[in-house]
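Asks:
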Amino acid sequence: MKNSLIIAAREFLERFRSRSFNVMLVLGPLLILAFIYGYIQSKNQGVLSMRVLVADPTGLMDNRIKPIGKEGLSYAFRQEYIDIERFKQGKEFQQYDALVEINEAIFSNKTVKVRYRQTPNVDLKVRMKFEIERRVEECLVSDTLGPQYVGVYSSIKQPLNFHFNDVNDLYNKAEQDVSWLGYSLGYVMIVFLIVFGTNIARSITREKANRISEVLLASVKPFELMMGKILGVLWSSLFQLFCWIVLVGLGLWIFQEVLLEDYFNGYLKGVQMSPEEWRQLGMGGYAQVNEGISLFYNQLNYGFLIPNFILFFLSTYWVYASFFTIIGALSGDDADGQQFILPIWLLFGLSIYAGYNATLYPDSAWTSFFAIFPWTSGMVSMVKVTMGVSLSSYLLMLISWSVSMVVGAMMLVLAGRVFKNGILSYSHKLTLSLLFKWLKR
Amino acid sequence: MIELVDIQKSFQNKLALDGVSFTIPKGKVFGLIGPNGAGKTTLIRILNQILSPSSGSVMVQGMPLTASHVRSFGYLPEERGLYREMTVKNHLIFLAKLRGLSGKEAQANVIHWLKKFGISDWENKRIDALSKGMAQKIQFIAAVVHGPEVIILDEPLSGFDPLNIQLILDEIKTFVQQDKTVVFSTHNMQSVDELCDEVALIHQGKLLANDKVADLRSKHRNGDYKIRFRGNAVAFANALWTGFEIIETKELSENYREAVIRKRADQSFNDVFTFLSGSLSLELIEEQIPSMQDVFVKLIAAHHHEE
Chain A
1 MKNSLIIAAR EFLERFRSRS FNVMLVLGPL LILAFIYGYI QSKNQGVLSM RVLVADPTGL
61 MDNRIKPIGK EGLSYAFRQE YIDIERFKQG KEFQQYDALV EINEAIFSNK TVKVRYRQTP
121 NVDLKVRMKF EIERRVEECL VSDTLGPQYV GVYSSIKQPL NFHFNDVNDL YNKAEQDVSW
181 LGYSLGYVMI VFLIVFGTNI ARSITREKAN RISEVLLASV KPFELMMGKI LGVLWSSLFQ
241 LFCWIVLVGL GLWIFQEVLL EDYFNGYLKG VQMSPEEWRQ LGMGGYAQVN EGISLFYNQL
301 NYGFLIPNFI LFFLSTYWVY ASFFTIIGAL SGDDADGQQF ILPIWLLFGL SIYAGYNATL
361 YPDSAWTSFF AIFPWTSGMV SMVKVTMGVS LSSYLLMLIS WSVSMVVGAM MLVLAGRVFK
421 NGILSYSHKL TLSLLFKWLK R
Chain B
442 MIELVDIQKS FQNKLALDGV SFTIPKGKVF GLIGPNGAGK TTLIRILNQI LSPSSGSVMV
502 QGMPLTASHV RSFGYLPEER GLYREMTVKN HLIFLAKLRG LSGKEAQANV IHWLKKFGIS
562 DWENKRIDAL SKGMAQKIQF IAAVVHGPEV IILDEPLSGF DPLNIQLILD EIKTFVQQDK
622 TVVFSTHNMQ SVDELCDEVA LIHQGKLLAN DKVADLRSKH RNGDYKIRFR GNAVAFANAL
682 WTGFEIIETK ELSENYREAV IRKRADQSFN DVFTFLSGSL SLELIEEQIP SMQDVFVKLI
742 AAHHHEE
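Protein sequences appear in the order of chains A and B. Note that my numbering numbers the first sequence so that position 335 is 335, with each residue one more than the last. Basically my numbering = 1-based index in the second sequence + 441.
1) Just confirm the distance between the C-beta atoms of Phe309 (chain A) and Thr198 (chain A), as a whole number of angstroms; I'd bet it's less than 8 Å.
2) Give a yes or no on whether the minimum CB-CB distance between Pro494 (chain B) and chain A is below 9 Å.
3) Let me see if you follow: with CB-CB separation under 9 Å, is Met527 (chain B) close to chain A or not?
4) Distance, Cα to Cα, Gly284 (chain A) vs Leu311 (chain A)?
5) For Leu217 (chain A), return the contacting residues in chain B, with the cut-off set at a CB-CB distance below 8 Å.
6) Would Gly328 (chain A) pass as a contact of Ser203 (chain A) if the rule is Cβ separation under 9 Å?
7) So what does DSSP say about Val461 (chain B), is it helix, strand or coil?
8) Which residues in the same chain as Asp656 (chain B) place their Cβ atom closer than 6 Å to its Cβ, once the five residues preceding and following it in sequence are excluded?
9) Near Gln502 (chain B), which residues of its chain fall below 7 Å by C-beta distance, leaving aside the five closest residues on each side in sequence?
10) Can you tell me whether DSSP reads Thr316 (chain A) as helix, strand or coil?
11) Using only CA atoms, which one of B:Phe737, B:Glu444 and B:Ala743 lies nearest to Gly475 (chain B)?
12) Measuring alpha carbon to alpha carbon, tell me which of B:Val470, B:Gln548 and B:Lys578 ends up nearest Cys637 (chain B).
13) Specify the secondary structure class of Glu85 (chain A) as computed by DSSP and reduced to three states.
14) Using the beta-carbon count (16 or more within 10 Å), is Phe35 (chain A) buried or exposed?
15) Since Met50 (chain A) contacts Ala98 (chain A) with CB under 8 Å, what's their CB separation in whole angstroms?
16) Between the C-alpha atoms of Gly468 (chain B) and Asp595 (chain B), what's the straight-line distance to the nearest angstrom?
17) What does Leu536 (chain B) reach in chain A if we use C-beta pairs closer than 9 Å?
18) Given Trp554 (chain B), which residues of its chain have a CB within under 6 Å of its CB, disregarding the five upstream and five downstream residues?
19) Within 9 Å (strictly less), CB to CB, does Gly522 (chain B) reach chain A?
20) Alpha carbon to alpha carbon, what distance is there between Ala576 (chain B) and Gly416 (chain A)?
21) Starting from the beta carbon of Ala674 (chain B), find every residue of chain A whose beta carbon is closer than 9 Å, and list them in chain order.
22) At a CB-CB cut-off below 8 Å, which residues of chain A make contact with Arg512 (chain B)?
23) Could you list the residues in the region 539-557 of chain B with a C-beta less than 7 Å from some C-beta on chain A, going in chain order?
24) Considering only the beta carbon of each residue, do Leu725 (chain B) and Glu699 (chain B) sit closer than 9 Å?
25) Would you kindly report the start and end of the unbroken alpha helix (DSSP H) that includes Tyr477 (chain A)?
26) Residues in the same chain with beta-carbon distance under 6 Å from Gly472 (chain B), minus the five sequence neighbours each way, listed in chain order, please.
27) Go ahead and label Gly559 (chain B) buried or exposed: buried means 16 or more other beta carbons lie within 10 angstroms of its beta carbon, across all protein chains shown.
28) Are the beta-carbon atoms of Val446 (chain B) and Val499 (chain B) separated by less than 9 Å?
29) In its own chain, which residues sit with a C-beta less than 7 Å from the C-beta of Leu629 (chain B), not counting the 5 before and 5 after it?
30) Looking at the strands, I want to know which residues DSSP matches up with Asp363 (chain A).
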């Protein structure tokens, strides 16, 4: 084991000192941050003006909402229930861009549903929320307690929850951003595995090519040498992962404090608002209505997500490492290695498909199969972890993790056999029969 | 003392070593010789536990060979490589640590050897910046940096320039003075003559000969003598009578010749002198002991003849 650690340390340092490793150390987080920033900004798109129809069957709003801005939002009122299909199809409603439903349940469920035909700009969403919320307060408090208590109520009230939905996509199925983010994380995991797995295979092929293997094998057992390589590459991948997490975390903090400060600290275009008024908008204001910010800053539980990402990265790496070791040891030269990478690419392709499947059909039978199949379970687990799992589902994921670890260990024993036989074989013709012969011995 | 007992090794259907047994004495230079593909490298890999024998055993001081024995060996393989992107010093420290040295010991030994070979200035250079000769020195240092008691060198002189060959030969002599055992596989028979105390000749996986170099050469004497004399060539031929055969003669100057003769039947060195001294002015009579090169060729040829 000591020799494996010495070899692992060398492998780690070799990667750490390479230019490409250091470039990716910085470039990777920058690309991720650029993606996050672009994603958040993309959520600011949308129409800049709206005619909003307020369905107020109880007449609570008294056909009046006081606008805080001059442009963009205008309201019309109907004292009746308006079915969403009627709003979608009815000729008399086509002049309106959005329907807001204010019914008697608002005091108990604190929920306001906004159905729009075209996604509103974030500014509009914030203003709509602010204006409707204030009007509700006015109506509620001044009618029951008197106008002098509106200010007091504002300071102690709980904000309303606004649900913005497309009239054609009421359940926001197309915007299951969290699960797609999980898919993206799984994708990042696969990219890491490809990059670092290929490193294992190339390292073995290179040592065979420059004939240092025999020097090493006089001091270490083949299995120790193989484990040293796998551990060294794992360390470098974990180090890079750790740096990425720290840098992305730092970047998100800088976004919050500098680049996206307005979203967090309050500022509404064209509207003069006191900090107190802004506070009344509820937690985060903009951050609540920009799905991008909401996703990255409110919805994700990083404390759960990051340890699980590392956990499932480890099991998936463990399963794939043996494959790359076998390829490296089998190869007579670099061209051989390229040829035998293909089956691994197919498995990676399957893994990516499994993640896609889990995103769209999280509870399907295929997803259940992919969740336990060692070569795809890491990807599926990432999607599930990001979406949020129940305790029983999480326990099942841990069982699939254990299965992957056991299968990985068994694969490593087979890889050890191929490695032992292949490491001193140079310029041989690679055949399947040779592979089976080496696997037997 | 390392003892190889009835070593057999086969690869798939090919028998690479067929019942090879011999003993490597402690504190001597042991030559492992044989033509290409004879099985020398396979045998050396078995000694280093890189390969395990199909049957037979290796004993060290009467005990079966273990990993800890192997760790105390030094090994310079025929197929030797270096990590091109590492620095000289880091590379050697890395290999020394794999041989069980602590970081401090490794560092001290590496500095010692670099100084000894006069390449201290190169310690922080990358391997890929070294000349071939320099890289070969590093490879040799890597084999001995941990102070092994048994040093196994597979074709250590191949590709070396004459200066580096001398450097390596001198080091080998120093090891023997320190009572270390050197196992030395080579095609260079001149170096076997110069260095080896004992040899094993392997051919087609079989042991053809195992003896002390001096004894092996002596056993394969042809009864040839080199003679240098002043006098008439006819008188020389007459004087030899029928007891000797003239193999070759060479006129060095007028009436000054050198010849090689081979004895027939039971003639002795004294007979040569007796026959010639009366009629010629003798300057040199020297028995021609065959070189290891001659012995090597003779044994291989004899083996083929038998087959």
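Don't be surprised by glycine CBs; every beta carbon is placed ideally from N, CA and C.
Replies: Put simply:
1) Contact flag wrong, Cβ pair sits at about 21 Å.
2) no
3) yes
4) For Gly284 (chain A), the pLDDT reaches just 48, beneath the cut-off of 50, and the residue's location in the model is therefore unreliable, leaving the point undetermined.
5) Asn489 and Ile491
6) yes
7) strand
8) none
9) Met442
10) helix
11) B:Phe737
12) B:Val470
13) helix
14) exposed
15) 5 Å
16) 18 Å
17) Val215, Leu216 and Ser219
18) Ile582 and Val586
19) yes
20) 31 Å
21) Within chain A, no residue comes near Ala674 (chain B); the closest Cβ sits about 57 Å away, beyond 9 Å.
22) Ser219
23) Leu539 and Arg540
24) yes
25) This structure does not reach residue 477 (chain A), given that chain A is present from 1 up to 441, and the question cannot be answered.
26) Phe625, Val633, Cys637 and Val640
27) exposed
28) yes
29) Reading off the sequence shown, one finds Asn at residue 629 (chain B), where the question assumed Leu. Leu598, listed in sequence order.
30) None; Asp363 (chain A) has no bridge partner.
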